[in-house]
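K.L.:
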Amino acid sequence: MNHNQQDQKFLTKIAFLDSKQRERLIPPEVLMNQMPIHNNHTLLDVGAGSGFFTIPLAARTMGKVYAMDPDKRMLNVIEAKANEKGLHNIESLQETIENLSLQNGSIDFVMASLILHEVTSLTTALSKIFKVLSVGGHLLCLEYEKDDLIIEGPPMSIRIKSKELEKLLLTTGFEIVKKTKINDAIYTVLAVKPEKHIV
């Protein structure tokens, strides 16, 4: 694939990530109203992409928002959007979830939107997130249900059943706060790092 094809593929991906169709499917404002976020919280958006959640999250808190994505071009898009909106509390991290370099216990809230099905090891990814969360910190996972009746979304082979994700979260040490169906295709699981765990 040449550079022009790569650039076109990237632009097509950005167009999809920022589309009104995606906004209707996953309304960020509706989701954020359910998030236990306070004004001074430090947030982490893993697999931040084009900043679909990073930007509105940064507008909701005075705390730092880490935008983590392995693709530097995606982080550049987020930085451009942040500058346009006058947001100065976003810090870019060019990393994968499995290789998170943030200090243990330093994050109050983690957003994992449609990214966990892409990781190499879900167990490792959840363990890394658990470690960087502060005690009482929350993780919101958003994924496509693994159901043969749901055609749209990623290949069925890489999707995560909601029950499987809940089980892995519990095994990692999380407690499940709430599970919600956003629509027929997508579910969320809100989990917390309980007080009994010390970093």
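Here this note's numbering is used: the first residue of the sequence shown is 823, the next is one more, and so on. For glycine and all other residues, C-beta sits at the position ideal for the given N, C-alpha and C.
Are the region 904-918 and the region 932-939 in contact at 8 Å, needing three or more beta carbon pairs?
P.N.:
No, the region 904-918 is not in contact with the region 932-939.
K.L.:
In its own chain, which residues sit with a C-beta less than 6 Å from the C-beta of L866, not counting the 5 before and 5 after it?
P.N.:
For L866, where only same-chain residues beyond five positions count, the Cβ hits under 6 Å are Y888, I929, V932.
K.L.:
Tell me which residue opens and which closes the alpha helix (DSSP H) that T994 is part of.
P.N.:
Note, T994: alpha helix (DSSP H), 984-994.
K.L.:
Around the C-beta of E967, are 16 or more other C-beta atoms found within 10 angstroms, so that it is buried, or is it exposed?
P.N.:
Answer is buried; the Cβ neighbour count reaches 16.
K.L.:
Can you tell me whether DSSP reads E901 as helix, strand or coil?
P.N.:
DSSP places E901 in helix when its eight states are reduced to three.
K.L.:
Here's the rule I'm using: 16 or more other beta-carbon atoms within 10 Å means buried, otherwise exposed. How should H860 be labelled?
P.N.:
It counts as exposed.
K.L.:
Less than 8 Å between the CB atoms is what I'm expecting for V954 and L922, so what's the real figure, rounded?
P.N.:
With a Cβ gap of about 6 Å, V954 and L922 count as contacting.
K.L.:
What residues in its chain sit with their C-beta under 8 Å from that of V1021, if we drop five residues either side in the sequence?
P.N.:
Per-residue confidence for V1021 stands at a pLDDT of 49, beneath the threshold of 50, marking its modelled position as unreliable; no derived number is given.
K.L.:
Compute the Euclidean distance between the alpha carbons of N898 and G959, then round it to the nearest angstrom.
P.N.:
Their Cα atoms are separated by approximately 28 Å.
K.L.:
Per DSSP, what are the beta-bridge partners of K1001 in this structure?
P.N.:
Paired residues: V1011.
K.L.:
Have a look at I1008, E851, P878 and flag the residue whose alpha-carbon is nearest the alpha-carbon of I900.
P.N.:
Checked all of I1008, E851, P878; the closest Cα to I900 is P878.
K.L.:
When DSSP labels each residue in this structure, what does A947 get in the three-state scheme?
P.N.:
If DSSP states are grouped into helix, strand and coil, A947 belongs with the helices.
K.L.:
To which residues of the same chain is P892 closer than 8 Å at the C-beta, ignoring the five residues directly before and after it?
P.N.:
The residues are Q916, E917, T918.
K.L.:
From the DSSP output, which residues share a beta bridge with E913?
P.N.:
In the DSSP output, where bridge partners are listed per residue, E913 has Y888.
K.L.:
From L1012 to C963, what distance separates their C-alpha atoms?
P.N.:
If you take the alpha carbons of L1012 and C963, they lie about 6 Å apart.
K.L.:
If I measure Cβ to Cβ from K950 and keep anything under 7 Å in the same chain, skipping five residues before and after, which residues do I get?
P.N.:
Once the five neighbours on either side are set aside, the close Cβ partners of K950 are I919, E920, L922.
K.L.:
Rounded to the nearest angstrom, how far is the Cβ of K1000 from that of Y1009, given a contact under 8 Å?
P.N.:
So it is not a contact: roughly 11 Å between Cβ atoms.
K.L.:
Assign F874 to one of three DSSP states: helix, strand, or coil.
P.N.:
DSSP places F874 in coil when its eight states are reduced to three.
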